[in-house]
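If you use the UniProt record's numbering, the sequence shown closes out at 332, no skipped numbers anywhere.
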Amino acid sequence: MRRLLVTGGAGFIGSNFVHYVLGHTDHHVIVLDKLTYAGNLESLKGLPSQRFRFVMGDITDTSLVDELVGSVDAVVHYAAESHNDNSLQDPRPFLDTNIIGTYTLIEAARRHGKRFHHISTDEVYGDLELDDPERFTESTPYNPSSPYSSTKAGSDLLVRAWVRSFGLEATISNCSNNYGPYQHVEKFIPRQITNVIDGVRPKLYGKGENVRDWIHADDHSSAVLTILDKGSTGETYLIGADGEKDNKSVVELILKAMGQPVDAYDHVIDRPGHDLRYAIDSTKLRTELGWEPQYRDFEAGLEATVQWYRENESWWRPQKAQTEAKYKEQGQ
């Protein structure tokens, strides 16, 4: 049994991790979350109260972070500003949370001698050409292209520096695009699903040729647990499930799963600096730590995700109108 502090545990990937941990281990979990628009207490409903506690607070709050880090065995750091469109509109929150917040946490972990795992993204590597046979590896140079990905790259480098300079017992994982329950409707897959539920045609950036490497949130969670248990201090592990799909194909699979014509979508103006392709090589994680994904069939995982949004309208409905109004202002 371990006591874990999970930052950002009311967000999409963080809440899935909390559910996974409490369902698959005897660990105790404290969630620290600021409850910005992306955090939702409804995502943490039904968890065993004897092993779970929620604390509302900011990861830049030094005294609160110090108290919580001192009370646990390990920190799993999910909290981040993570939406590219938002980072283009207002970069400052990304600096505060992703850089200053990470600094605050690793300083507390250093003071208390705690195990630290840092959740990052494949977007720190920039993008690949659509016809490039290569995939990202742990040795791929960083080449971020947005305020979001650049601040995540900066937070990764902080963790690496604290390992080398101060002996912080830390690992890093860079994961591909997640999908699954509890994802905010501003994101690509849930936005399309909820639009179709509302009788609105999905929106596709540009020609829809941009490729993402998709992984179910449960597979991400199991990989993080594996790294927490078996990973070596100072090492980075890439998490991916060989799920490369272009955005056009994803929209068409969503429409198919929802019984709609596969061409029933509209093109909108492309995002500035839109990365072409992400692709993860997770060989190191699989060979050194023995991890394997369970959701190998993207279409089946997507169908299960569609069903979750159909059955949990009360969870996503409060977010929907404001999200679509914001996109409308942006012409998207």
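We put the CB at the ideal spot given by N, CA and C, even for glycine. As the structure is a computational prediction, the values presented were derived from the model and not from experiment.
Check your understanding: Which value, in whole angstroms, describes the spacing of the CA atoms of ALA304 and GLU81?
Key -> Numbered from 1 along the sequence shown, position 304 holds the residue referred to as residue 304. Numbered from 1 along the sequence shown, position 81 holds the residue referred to as residue 81. C-alpha separation (whole angstroms): 27 Å.
Review point. Which of helix, strand or coil does DSSP assign to ILE172?
Key: Within the sequence shown, numbered from 1, the residue matching residue 172 stands at position 172. Three-state result, ILE172: strand.
Review point. Taking DSSP as the reference, what is the three-state secondary structure of ASN210?
Key: As a position in the sequence shown, residue 210 is number 210, starting the count at 1. If DSSP states are grouped into helix, strand and coil, ASN210 belongs with coil.
Check your understanding: Which class does ALA264 belong to by DSSP, given the choice of helix, strand or coil?
Key -> By one-based count along the sequence shown, residue 264 stands at place 264. It is coil, neither helix nor strand.
Exercise for review: Look at the alpha carbon of THR323 and the alpha carbon of ASP246, and state the distance between them as a whole number of angstroms.
Suggested key: As a first step, residue 323 must be located in the sequence shown, where it is residue number 323. As a first step, residue 246 must be located in the sequence shown, where it is residue number 246. Between the alpha carbons of THR323 and ASP246 lies a distance of about 23 Å.
Exercise for review: Have a look at ILE239 and ILE119 and give me their C-alpha separation to the nearest angstrom.
Suggested key: As a working mapping, residue 239 is identified with position 239 in the sequence shown. As a working mapping, residue 119 is identified with position 119 in the sequence shown. Looking at the two C-alpha atoms, the distance is approximately 10 Å.
Exercise for review: Compare the beta carbon distance of LYS284 and GLU123 with 8 Å and say whether it is the shorter of the two.
Suggested key: Indexing the sequence shown from 1 puts residue 284 at position 284. Indexing the sequence shown from 1 puts residue 123 at position 123. No, the pair does not count as a contact, with Cβ atoms beyond the cut-off.
Review point. Measuring CB to CB, does ALA264 end up less than 8 Å from LEU255?
Key: Here the question's residue 264 lines up with position 264 in the sequence shown. Here the question's residue 255 lines up with position 255 in the sequence shown. Yes, Cβ-Cβ distance for ALA264 and LEU255 is below 8 Å.
Exercise for review: Would you be able to state if there are at least three C-beta pairs under 8 Å between the region 87-104 and the region 9-23?
Suggested key: no
Point to revise | C-alpha gap between HIS28 and TRP316, whole angstroms | key: Numbered from 1 along the sequence shown, position 28 holds the residue referred to as residue 28. Numbered from 1 along the sequence shown, position 316 holds the residue referred to as residue 316. HIS28 and TRP316: Cα-Cα distance of roughly 28 Å.
Review point. Any chance the region 109-119 sits against the region 168-180, with 3 or more Cβ pairs inside 8 Å?
Key: Counting Cβ pairs under 8 Å, three or more are found: they touch.
**Study point:** Whole runs of the alpha helix (DSSP H) within the region 101-158, excluding any shorter than 4 residues
**Key:** Taking 4 residues as the shortest admissible run, the region 101-158 contains the following complete alpha helix (DSSP H) segments, listed from N- to C-terminal end: 102-112.
Point to revise | Entirely enclosed beta strand (DSSP E) segments - the region 242-290, minimum 3 residues | key: Listed in chain order, they are 244-246, 266-268.
Practice item. Please confirm whether any heavy atom of the ligand PLP lies closer than 7 Å to the CB of LEU88. Key: Questions concerning the ligand PLP fall outside what the structure shown contains, since it holds no ligand whatsoever.
Check your understanding: Closest by CA to ASN177, which one among LEU4, LEU5, PHE12, MET1?
Key -> As a position in the sequence shown, residue 177 is number 177, starting the count at 1. Closest by alpha carbon: PHE12.
Point to revise | Alpha-carbon spacing of GLY231 relative to LEU302, whole angstroms | key: Along the sequence shown, one-based indexing puts residue 231 at 231. Along the sequence shown, one-based indexing puts residue 302 at 302. Computed Cα separation, rounded: 30 Å.
Check your understanding: Quick one: what's ILE239 bridged to in DSSP?
Key -> Here residue 239 refers to the residue found at position 239 of the sequence shown. DSSP output for ILE239 lists CYS175 as bridge partner(s).
Practice item. Out of PHE94, GLU244, GLU67, state which residue places its alpha-carbon closest to the alpha-carbon of GLU134. Key: As a working mapping, residue 134 is identified with position 134 in the sequence shown. Comparing Cα positions, the closest option is GLU244.
**Study point:** Residues of its chain near residue 341, where Cβ-Cβ distance is below 6 Å and the 5 sequence neighbours each way are ignored
**Key:** Summary: the structure shown does not reach residue 341, with the chain confined to residues 1 through 332, and so no result is reported for it.
Review point. Is it true that the CB of ARG51 sits closer than 8 Å to the CB of LEU22?
Key: Translated into the one-based positions of the sequence shown, residue 22 becomes position 22. Translated into the one-based positions of the sequence shown, residue 51 becomes position 51. Going by C-beta atoms, LEU22 is nearer than 8 Å to ARG51.
Point to revise | Unbroken beta strand (DSSP E) run spanning ARG3, endpoints | key: If you number the sequence shown from 1, residue 3 lands on position 3. Note, ARG3: beta strand (DSSP E), 3-7.
Point to revise | Those runs of the alpha helix (DSSP H) which lie wholly inside the region 12-96 and span at least 4 residues | key: 12-24, 62-70, 84-89
Point to revise | Beta carbon of SER173 nearer than 8 Å to that of ILE99 | key: Taking the sequence shown and counting its residues from 1, the one referred to as residue 173 is at position 173. Taking the sequence shown and counting its residues from 1, the one referred to as residue 99 is at position 99. Contact flag unset, no.
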